[in-house]
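Order-wise, the sequence lines are chains A and B.
Per my numbering, residue 1 is the first one in the first sequence, and the count goes up by one each step.
Per my numbering, residue 1001 is the first one in the second sequence, and the count goes up by one each step.
Each residue gets a CB set at the ideal place from its N, CA and C atoms; glycine is no exception.
Note that the coordinates shown come from a computational prediction; the quantities given were computed from them, not determined experimentally.
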Amino acid sequence: MPDLEFACRRAGVSPLVSWSARTAAANPFLRCAAAAFVLVWVGRDVAAESESAASPHEAAAHPEGAIDADDEAETVGAEVIVVTGTRTPMPLATSPVVTEVVARDAIEASGARTVAGALATRPGVWIERGIGGAGVSLEGLGPEYVLILVDGQRQIGRVGGAIDLDRLGTAGVEQIEIVRGPGSALYGADALGGVVNIVTRPPGDGAEVSARVDSRRARDLTGRLSAGAGDWSGTVSGAWRTGDAFDRTPAEPSTTIAAYDDARGAAQGRYQRGDWRVDGNVDYLRRDLAGVSATATGAVLDRRNLTEVATARAASQWSGDRTVVRSRIGAALFRDQYRSDQRGADALDQYQETRERELEVGADADRRLGDRHRITAGGELLAEALTTPRLARSGRRLRAALFAQDEWRLGDQHQLLVVPALRLDHDSQFGGHATPRLAVRWDASERIVARASVGAGYRAPGFKELLLHFENPGVGYVVDGNPDLAPETSESVHAGGEWRPRSWLWLAGNAFDNELHDLIAAVSVDGGDGPMQFRYQNVGRARTSGVEATAAVAAGRLGVELGAAWTRARDLDGDRPLEGVPALRVAAAVRWRDRGDGFDAAVEGAITGPRPYYPTDLADWTSPRAELRARVAKRFTSGVGFTLGADNLLGAGDDRYDPLPPPTLYVGVDVRR
Amino acid sequence: MDQTLLALALLGAVLAVPACADSIAPDEGPDGPDGGPPPPTAPDGGPAADAAPAATGRVATVRRPDGTYTTRIDASASDAWIAVDLETGGEAAADGPWDLACQRFHVKLNGGVSGDRGVEVAPLVGADFAAVTAAPADGWIRDAADGDDPGTDPDLAFEQGDGWYVYDPATHVLTPRPVVWVIRTSDGNVVKAVIESYYDDAGTSGHPRLRWAPLGAP
């Protein structure tokens, strides 16, 4: 029988993805030659936190255990540990919250070099490429409604509402966890559409280097060195990526994709002794983008963004018999220098420096009460500051939060799991806010699992919405922020199930409904003949509903996954579809893998339906988009691996709404010791 | 205690690297334009061809091969009116014989509530510039006091009715409407004019470009 981790899938994981989580370390896939010195980042390894997986409690809750003894999956249920859905490490197979996991193995199989690329062919995930880079949308809600975490640490540096997932390389990623629907009951602001938590690789032993070059002359070098002694272990890693700009319409001066030059360095360390574990990491990214844009008036601007992101994080954990206590502190700095140089004139020349800082401190504890309750409670303090010339003044905010949840198991075999959760935030800008959630999981049989949840979410007004003062004297309009804005809020219902009718077949379906209130929009407030004046106000309403279905087949070395997501996203006030949201996404992946001879081949594709945009009151619909990528890899017992792959084989993309690179062929080599 | 020290060390490391990268701010002032408008040239055969051009650099007029004139006005400053004397093709003093003045996208005349030289205009909507050979007998308007409309600013002749431009809220681009503006100047001459663009050749806003030609007396 195939060695797919069915248990992972049962919890909503993407099959192909989780497919070989347990052999991730042995995974070969090429990567390239050469070496760079380098680093990647770090973080704590959720997978290593599997102590809870071994608890009798979990075993009792899932009597089916390994599902099929002849599945070679005897340890499957404990192999993939997720943390995002409940904020406590637990086996994916037992999670009360649907969690999609893109494991390292699957990331390598996709050939993706950035997190955005790794998520690009997931059916229920939409990567929107705009002014803020590659942002992720979930359940029809844009990047500003999706919380991005790295090892649980909130990421800063939103541009146009999006955290650019192209700035996050995959070299240091252990797995990506996606939890759809509101996560504010655990994580606070910004988690309306869902939470994407990027879990970094843990410290280990050994070294690896990789290099890759493609037909567009992009180069990618990574390196990683790990060592340990006694109670200590540590890793230093680094990565360097560079690529030329791409111009889909050479007759026009603007570039479709900017040239990039990214360098990243990271170090992490872990101390573990007895019941204690302490992790620390530092990470620094320097990203240099250069492109050309043309305005509607004919102005041509040479643009450059030099972005730096520095983060540091420390976390400690004490594990007792029935109690786990965690604490953490994290700091982050985002600095972006933007320069535009107008050709032939200087009227539109600009230089803007934006600095954003964040300090996050938190602690929480789990305690088991009897064999039916597991209580988690904690608190957080968050301080944010933003300075940019576009704001009337620097933005500062403090937020304090308390949260608690109970994992309450019912039934003679604990087949029913009820998880109520509540979080209370107090923000220096808008005051108090409470977000509840109730999640239920029912193990109807060994092969059928049902889940449902109701919850609330909120998005705190951004500094731009609060403090912006932007004048365009050329055409006479002014946009002002509004310090009195309230948070945007949502209520959501989710329901779904998983069914494994055969040992080689896994089916899953999920439905959702989100209703959003008090959406922030710029509203005209002028009434005179001076400049047009706009001001942000809580005026909008929207609703997104949809279903997602996934089927996966695992037969020996062959794995096939097919998924589809249908979304209805409406602007209730404007009575029209939400901008940029595709109603339909269909994705498929086929993978052939032979661990014995180190051969691995994968083909992935996704079809995206038309999306509406509103350059005027009339919708401008995009054409459907079909993406396809393929990769073959061979790893030798010497530790050397080679890769050959191709991205965007069908040449998807356009110059306006789908700025994708052209078909690209790449080769790589890597060495792992 | 160990973790506390580690946390502080890491925190310090982050705070110590607030600006690792070099600044990319321009070293000097903004670079100069490398293709600005041509120097002012006196109109050849205009209403007052013998007058000396006002060469301030903010107003420049050239004669086209077809005998019409092109006047480029740098009205990009939002706090200054740039006055134009069509007889000279150059910039005029605020108390001089100017005909029209521009400030960003606003255009006012030296007549009505904006001036005392009696300048007025007759907008010919949809007219063909070449086909306009004489001043109309009626339809003349001047800058007027604020009327029954939102706001309190004067109702400038170029902004009455639909005004001289169309604003695209999606691109924030101003596009001139197809109107031939027949202007009676401060010296009593009559010219026909169209606003060809609100942008200069580099795409910068606040640079209206007029094409105009003298007409015979009505």
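Under 7 Å, do G645 (chain A) and P663 (chain A) count as touching if we go by C-beta distance? no
Any chance the region 443-456 of chain A sits against the region 481-500 of chain A, with 3 or more Cβ pairs inside 8 Å? yes
Please confirm whether A296 (chain A) has its beta-carbon closer than 7 Å to some beta-carbon of chain B. yes
6 Å CB neighbourhood of G1112 (chain B) in its chain, flanking five on each side removed: R1142, D1143, A1144
Provide the residue span of the alpha helix (DSSP H) that contains I107 (chain A), from first to last. 104-110
Quick one: which chain A residues come within Cβ less than 8 Å of A1101 (chain B)? Near A1101 (chain B) there are no residues of chain A at all, since even the closest Cβ is about 17 Å away, more than 8 Å.
Within 7 Å (strictly less), CB to CB, does D573 (chain A) reach chain B? no
Sheet register partners of S1242 (chain B) (DSSP bridge): Not covered by the structure: residue 1242 (chain B). The range shown for chain B is 1001 to 1218.
Nearest candidate by alpha-carbon position, reference G680 (chain A), set A:V440, A:F534, A:R241: Residue 680 (chain A) falls outside the range modelled here, since chain A spans only 1 to 673, and no answer is possible.
Cross-chain neighbours of A1130 (chain B) in chain A, by beta carbon under 8 Å: Chain A residues near A1130 (chain B): none, gap ~26 Å exceeds 8 Å.
Excluding the five sequence neighbours on either side, which residues of its own chain have a C-beta within less than 6 Å of the C-beta of A35 (chain A), listed in chain order? Confidence in A35 (chain A) is poor, its pLDDT being 29 and thus under 50, which makes the residue's placement unreliable; the coordinate value appears in the next sentence. Once the five neighbours on either side are set aside, the close Cβ partners of A35 (chain A) are V209, G223.
Neighbour list for Y458 (chain A) in chain B, Cβ cutoff strictly below 7 Å: Within chain B, no residue comes near Y458 (chain A); the closest Cβ sits about 28 Å away, beyond 7 Å.
To the nearest angstrom, report how far apart I1073 (chain B) and W1140 (chain B) are at their CA atoms. 24 Å
Where does T94 (chain A) sit, in a helix, a strand or coil, going by DSSP? helix
Going along chain A, which residues have a C-beta under 7 Å from I1024 (chain B)? R304, L306, Q337, R339
Since A185 (chain A) is in the alpha helix (DSSP H), which residue starts that stretch and which ends it? 184-187
Taking 7 Å as the threshold (C-beta atoms), are R287 (chain A) and D321 (chain A) in contact? no
C-alpha distance - G130 (chain A) paired with A162 (chain A), whole-angstrom precision: 9 Å
Note down, in chain order, each residue of its chain lying with its Cβ closer than 8 Å to the Cβ of F430 (chain A), except the 5 sequence neighbours on either side. A460, P461, L485, A486, P487
Per-residue contacts from Y351 (chain A) into chain B (C-beta, under 7 Å): A1025, P1026
Option in A:A626, A:A392, A:F636 with minimal Cα separation from N648 (chain A): A:A626
Thinking C-alpha only, which one of A:F599, A:D655, A:V603, A:W499 is nearest V640 (chain A)? A:F599
Contact set between Q342 (chain A) and chain B, taken where Cβ atoms lie within less than 8 Å: A1202, G1203, T1204
Of the residues that make up the region 615-641 of chain A, which ones have a beta carbon closer than 8 Å to any beta carbon in chain B? P615, T616
Would you say A521 (chain A) faces chain B, with C-beta separation under 7 Å as the test? no
Does F334 (chain A) get closer than 7 Å to chain B when you measure Cβ to Cβ? no
Contact defined as beta carbons within less than 8 Å: I believe F642 (chain A) pairs with A630 (chain A). What is the distance between those atoms, to the nearest angstrom? So it is not a contact: roughly 15 Å between Cβ atoms.
Euclidean distance between Cα positions of S1205 (chain B) and Q337 (chain A): 25 Å
Taking contact to mean at least 3 C-beta pairs separated by less than 8 Å, is the region 224-235 of chain A in contact with the region 179-193 of chain A? no
Return the chain-ordered list of same chain residues with a C-beta closer than 8 Å to the C-beta of P1136 (chain B), the five sequence neighbours on each side being excluded. A1122, L1124, V1182, P1218
Within the region 158-187 of chain A, ranges of the alpha helix (DSSP H) (whole runs, at least 4 residues): 184-187
Can you check DSSP and say which residues form a bridge with F698 (chain A)? Given a span of 1 to 673 for chain A in the structure shown, any question on residue 698 (chain A) remains unanswerable.
Enumerate in chain order the residues of its own chain whose CB-to-CB distance from P1178 (chain B) is below 6 Å, with the five nearest sequence positions on each side excluded. G1126
Within 7 Å of chain B by C-beta, residues of the region 111-124 of chain A in sequence order: none
Using a Cβ-Cβ distance under 7 Å, would R368 (chain A) count as near chain B? no
Taking its Cβ as the centre, do 16 or more other Cβ atoms sit within 10 Å of H433 (chain A), making it buried, or is it exposed? buried
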